[in-house]
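S.K.:
Number of protein chains: 2
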Amino acid sequence: MRDVAIIGVGMMKWGELWEKSLRTIFVETALAAIDDAGIDHLDAMYIGCMSSGLFVGQEHLGSLLADYLGQKPIPAARVESACASGGLALRQGFIDVASGMNDFVLVGGIEKMTDLNANEVTYALGTAADQEYEGYHGITFPGLYALIARAHMEKYGTTREQLAMVAVKNHDNGALNPLAQYPFKITVEAVLNSPLVADPLRVLDCSPITDGAAAVILAPVEVAKKLNKPIVKIIGSGHATDSIALAHREDITWLEAVYQSARKALAMAGKKIEDIDVFEVHDCFTIAEICIIEALGLVEKGKGGQAVEAGLTRIDGPFPVNPSGGLKAKGHPVGATGVAQAVEIVKQLRGEAGRRQVKGARLGLTQNMGGTGGSSVVHIFAAE
Amino acid sequence: MRDVAIIGVGMMKWGELWEKSLRTIFVETALAAIDDAGIDHLDAMYIGCMSSGLFVGQEHLGSLLADYLGQKPIPAARVESACASGGLALRQGFIDVASGMNDFVLVGGIEKMTDLNANEVTYALGTAADQEYEGYHGITFPGLYALIARAHMEKYGTTREQLAMVAVKNHDNGALNPLAQYPFKITVEAVLNSPLVADPLRVLDCSPITDGAAAVILAPVEVAKKLNKPIVKIIGSGHATDSIALAHREDITWLEAVYQSARKALAMAGKKIEDIDVFEVHDCFTIAEICIIEALGLVEKGKGGQAVEAGLTRIDGPFPVNPSGGLKAKGHPVGATGVAQAVEIVKQLRGEAGRRQVKGARLGLTQNMGGTGGSSVVHIFAAE
Chain E
1 MRDVAIIGVG
11 MMKWGELWEK
21 SLRTIFVETA
31 LAAIDDAGID
41 HLDAMYIGCM
51 SSGLFVGQEH
61 LGSLLADYLG
71 QKPIPAARVE
81 SACASGGLAL
91 RQGFIDVASG
101 MNDFVLVGGI
111 EKMTDLNANE
121 VTYALGTAAD
131 QEYEGYHGIT
141 FPGLYALIAR
151 AHMEKYGTTR
161 EQLAMVAVKN
171 HDNGALNPLA
181 QYPFKITVEA
191 VLNSPLVADP
201 LRVLDCSPIT
211 DGAAAVILAP
221 VEVAKKLNKP
231 IVKIIGSGHA
241 TDSIALAHRE
251 DITWLEAVYQ
261 SARKALAMAG
271 KKIEDIDVFE
281 VHDCFTIAEI
291 CIIEALGLVE
301 KGKGGQAVEA
311 GLTRIDGPFP
321 VNPSGGLKAK
331 GHPVGATGVA
341 QAVEIVKQLR
351 GEAGRRQVKG
361 ARLGLTQNMG
371 GTGGSSVVHI
381 FAAE
Chain D
385 MRDVAIIGVG
395 MMKWGELWEK
405 SLRTIFVETA
415 LAAIDDAGID
425 HLDAMYIGCM
435 SSGLFVGQEH
445 LGSLLADYLG
455 QKPIPAARVE
465 SACASGGLAL
475 RQGFIDVASG
485 MNDFVLVGGI
495 EKMTDLNANE
505 VTYALGTAAD
515 QEYEGYHGIT
525 FPGLYALIAR
535 AHMEKYGTTR
545 EQLAMVAVKN
555 HDNGALNPLA
565 QYPFKITVEA
575 VLNSPLVADP
585 LRVLDCSPIT
595 DGAAAVILAP
605 VEVAKKLNKP
615 IVKIIGSGHA
625 TDSIALAHRE
635 DITWLEAVYQ
645 SARKALAMAG
655 KKIEDIDVFE
665 VHDCFTIAEI
675 CIIEALGLVE
685 KGKGGQAVEA
695 GLTRIDGPFP
705 VNPSGGLKAK
715 GHPVGATGVA
725 QAVEIVKQLR
735 GEAGRRQVKG
745 ARLGLTQNMG
755 GTGGSSVVHI
765 FAAE
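These protein sequence lines are chains E and D, in that order. Reminder that position 30 of the first sequence reads as 30 in our numbering, one-by-one numbering, no gaps. Every number in our numbering is 384 more than the matching position in the second sequence, counting from 1.
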């Protein structure tokens, strides 16, 4: 397998982009990545998108976006793994370049969610859960994560305030990210007083509904070196699955797919979790970030809440998590999220993250999750 | 890149499978492929599915199916390119094995379409067309292909009877395929007297609405040789895109993505189109097969109808097309079709196609199409 580098990244302001169509949002973002890479052609594209069929009534997305980017007839594949679709697209692009099939590969993630009303969005997102065993009974994602949160509180003594602190920390970071949907700070009190969604989770425990895209350009390291640009290598890729229905898991507070995907990615990279300087993880709900840092092995099982309270995951802490603002503050256009995580890590490893820069970061990790952990994709990145 | 072989295939009877859920249909089919390969584990899965979100309200399909097949936590990716999703899944599995990432990879295709009524199916399939330029104006796929048919008749003198002969030939073949949805013969008169759908296309010009799945098992040729089983190599893979809106093409009778994908696959295989002994192509409507054999270079532009009338594409003709019965008689569960094409070619190259066997077939080709040709995936197969 060939070594693979990211040679360009693109992301525009996220939010409720009612004045732009899905194809417009994608093309603007993809052109930014192509400009950043300074290349004049692409050989292939991978698009991560969870459900353009349900959100905007449009499938066949690879071809549509290749055409509007002026790239037909190049191969363009859309991949889906619910909210991990972006991370999966990155992995498929990585495998493609590593295989020798193509040199310059654009990996894009996109979701246009706000054309639907909130009920319709909730239904569409619910298709990431097991429809015959979970959806049939009427439970939606806030409810599923509320079950996880309640179990974590009961089993490990995690507090309501610790959950809130995840959101507060991510908004502290997001306030430093001009592309974030909600670039402002919040307080623990604000979280605790926000409307209840599914006990114990409140509105400010939940990532928002967002329109947005992100894109990166991949190339073989050998080719990338000739471009005289900063290079960030992808040195590990792991993808794992689990039951998508919570009822089929032995312990709903443990994210086995996160553990397995991280184990594989770290093994490929020849690194340990404590070697990593900066993390972007899938905080779709506050409880998710707590479970993820446990499954990654950053803290012991059950100690995630305490770690957040102790400030260990802050930008200036020993293992900074979600300097971009995470899904909570930056926004969560589901198919785009996994690619946007890579965009942030590349900026961090290039030293271009501005006021949210993690000092001296040389190794980074992204963790992108589908559903309540039915899938997880982890990548490890290294500055050249 | 490593050489890649297909070491097992699986397909069950297709039709209106109301008594089975999507996951059941997949698991039965995947187990048949695993049994055929005689292996005891999988390393990864690729699932081609156009729109389980719209058809059955279920995304996150890779994880769901890996779990129900008893394969979690292996990586499982769902890929989509409208009706070319199955062919695209095969390509991504091929790249994965060729790269060295995984050895035993299952490629599955599936669609469960008949849980919806015909209007809803027509809407779901319509998401393969450009929703902002085509769907918005109310045109659906029979209408789009009717435009192509009318243009082909006007420009090249293709006759209404020649269109019918495509369906008659494919039903002649399908009558020999016990897994086909409609395993019986029809006549030119029956096509011409069937209800009009979109002038000039009639019901018997159209592939049906189908539930079904297909699966193949890939492995590196080096590994496959140790299994002492018949080996079919994948020696070429091509994927290309075009505008998905007909209005954006210079000539709607010419399928540029088919031409480009075939050109690339043949170049990789080091073969010419006249070297190929047997073809499975995407006859979603009778006119499609005529345009495809032209774009593949089997006949001159405009001569497809005459070739069919002359019997050149029959099982005993110089270039047999769709010995399986094609989409027309075998059925068209859209995400499964591209994988089922590979299943048929493997059976042909192993000499296991029974009464529809193309004598002495050593090289085969599959061509799987999305929309009206917005994407096309071509693979070339060789008997060991």
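Virtual Cβ for every residue (Gly too), placed ideally from N, Cα, C. Since we're looking at a predicted model, the values are computed, not measured.
Residues of chain D with CB closer than 7 Å to the CB of residue 66 of chain E, please, in chain order.
M.R.: Chain D residues near residue 66 of chain E: 625.
S.K.: Checking the sheet assignment: what are the DSSP bridge partners for residue 239 of chain E?
M.R.: The partner list for residue 239 of chain E (beta bridge, DSSP) reads E:377.
S.K.: Any Cβ of chain E within less than 8 Å of the Cβ of residue 567 of chain D?
M.R.: So, not an interface residue.
S.K.: Does DSSP classify residue 524 of chain D as helix, strand or coil?
M.R.: Correct three-state label for residue 524 of chain D: coil.
S.K.: By how many angstroms is the C-alpha of residue 124 of chain E removed from the C-alpha of residue 697 of chain D?
M.R.: Near 44 Å, if we compare the C-alpha coordinates of residue 124 of chain E and residue 697 of chain D.
S.K.: Who are the Cβ neighbours of residue 335 of chain E in its own chain at under 6 Å, not counting the five residues just before and after it?
M.R.: Within the same chain, residue 335 of chain E has close Cβ partners 48, 49, 50, 85, 86, 109, 110 and 111.
S.K.: So with CB distances below 7 Å, who are the chain D contacts of residue 116 of chain E?
M.R.: The contacting residues do not exist; residue 116 of chain E stays about 13 Å from chain D at best.
S.K.: Under 7 Å between beta-carbons, which chain E residues line up against residue 438 of chain D? List them in chain order, please.
M.R.: Here the neighbours are 53 and 54.
S.K.: With contact counted as at least three CB pairs below 8 Å, one residue from each stretch, are the segment 508–517 of chain D and the segment 616–626 of chain D in contact?
M.R.: Segments in contact, no.
S.K.: Which stretch, first to last residue, makes up the beta strand (DSSP E) that contains residue 46 of chain E?
M.R.: Residues 44–48.
S.K.: Which residues, taken in chain order from the segment 713–737 of chain D, show a beta carbon closer than 7 Å to some beta carbon of chain E?
M.R.: Per Cβ criterion, the list is empty.
S.K.: Return the residues of the segment 649–669 of chain D that lie within a Cβ-Cβ distance of less than 7 Å from chain E, sorted by chain order.
M.R.: Answer in chain order: no residues at all.
S.K.: Can a CB atom of chain E be found closer than 8 Å to the CB of residue 555 of chain D?
M.R.: Not an interface residue.
S.K.: Spatial neighbours of residue 161 of chain E within its chain, please: C-beta separation below 7 Å, excluding the five flanking residues on both sides.
M.R.: Here the set comprises 188.
S.K.: With distances taken Cα to Cα, identify the nearest neighbour of residue 782 of chain D among E:97, E:133, E:2 and E:324.
M.R.: Past the edges of chain D, shown from 385 to 768, lies residue 782 of chain D, and the structure says nothing about it.
S.K.: So the candidates are D:755, D:744 and D:396; which of them puts its Cα closest to the Cα of residue 415 of chain D?
M.R.: Of the candidates D:755, D:744 and D:396, the one whose C-alpha sits nearest the C-alpha of residue 415 of chain D is D:396.
S.K.: Nearest CA to the CA of residue 474 of chain D: which residue from D:442, D:447 and D:430?
M.R.: Selected option, being the one with the closest Cα: D:430.
S.K.: Which residues in the same chain have their Cβ closer than 7 Å to the Cβ of residue 316 of chain E, if we skip the five residues on either side of it in sequence?
M.R.: Here the set comprises nothing.
S.K.: What residue range is occupied by the uninterrupted alpha helix (DSSP H) comprising residue 730 of chain D?
M.R.: Residues 718–734.
S.K.: Which one or two residues does DSSP pair with residue 11 of chain E in a beta bridge?
M.R.: Its beta-bridge partners are E:214.
S.K.: Is there a Cβ of chain D sitting closer than 8 Å to that of residue 113 of chain E, yes or no?
M.R.: No, because no Cβ of chain D sits closer than 8 Å to the Cβ of residue 113 of chain E.
S.K.: Measuring CB to CB, does residue 261 of chain E end up less than 8 Å from residue 378 of chain E?
M.R.: Going by C-beta atoms, residue 261 of chain E is nearer than 8 Å to residue 378 of chain E.
S.K.: Tell me whether residue 752 of chain D sits in a helix, a strand or coil according to DSSP, three-state version.
M.R.: Reduced to three states, the DSSP call for residue 752 of chain D is strand.
S.K.: Identify every residue that forms a DSSP beta bridge with residue 109 of chain E.
M.R.: Answer by DSSP bridge pairing, in chain order: E:48 and E:214.
S.K.: Excluding the 5 residues flanking residue 660 of chain D on each side, which residues of the same chain have their C-beta closer than 6 Å to its C-beta?
M.R.: Around residue 660 of chain D: 747 and 749.
S.K.: Classify residue 259 of chain E: buried if its beta carbon has 16 or more other beta carbons within 10 angstroms, exposed otherwise.
M.R.: Counting Cβ neighbours within 10 Å, residue 259 of chain E comes out buried, since at least 16 surround it.
S.K.: Is any beta-carbon of chain D found at less than 8 Å from that of residue 120 of chain E?
M.R.: No, residue 120 of chain E lies away from the interface with chain D (no Cβ there is under 8 Å from its Cβ).
S.K.: Residue 632 of chain D and residue 668 of chain D - do their beta-carbons sit closer together than 8 Å?
M.R.: No, they are not a contact pair.
S.K.: The segment 244–259 of chain E: which residues have C-beta closer than 8 Å to a C-beta of chain D, in chain order?
M.R.: Flagged, chain order: 244, 248, 256 and 257.
S.K.: Assuming residue 289 of chain E and residue 344 of chain E are in contact, meaning their beta carbons sit under 8 Å apart, how far apart are those beta carbons, in whole angstroms?
M.R.: No, residue 289 of chain E and residue 344 of chain E are not in contact; Cβ-Cβ is about 15 Å, not under 8 Å.
S.K.: Could you say if the segment 496–506 of chain D and the segment 390–405 of chain D meet the contact criterion of at least three C-beta pairs nearer than 8 Å?
M.R.: Yes, the segment 496–506 of chain D is in contact with the segment 390–405 of chain D.
S.K.: Among D:427, D:478 and D:688, whose alpha-carbon lies nearest the alpha-carbon of residue 100 of chain E?
M.R.: When each option's Cα is compared against that of residue 100 of chain E, the closest is D:478.
S.K.: Could you give the distance in angstroms between the alpha-carbon of residue 215 of chain E and the alpha-carbon of residue 271 of chain E?
M.R.: Taking the straight line from one Cα to the other gives about 26 Å.
S.K.: Starting from the Cα of residue 436 of chain D, find the closest Cα among D:465, D:418 and D:563 and give me that residue.
M.R.: Considering only alpha carbons, the answer is D:465.
S.K.: With respect to the alpha helix (DSSP H) encompassing residue 640 of chain D, which residues constitute its N-terminal and C-terminal limits?
M.R.: Unbroken alpha helix (DSSP H) run through residue 640 of chain D: 640–653.
S.K.: Residue 374 of chain E touches chain D at which residues, Cβ-Cβ below 7 Å?
M.R.: By Cβ distance, chain D contributes 444 and 447.
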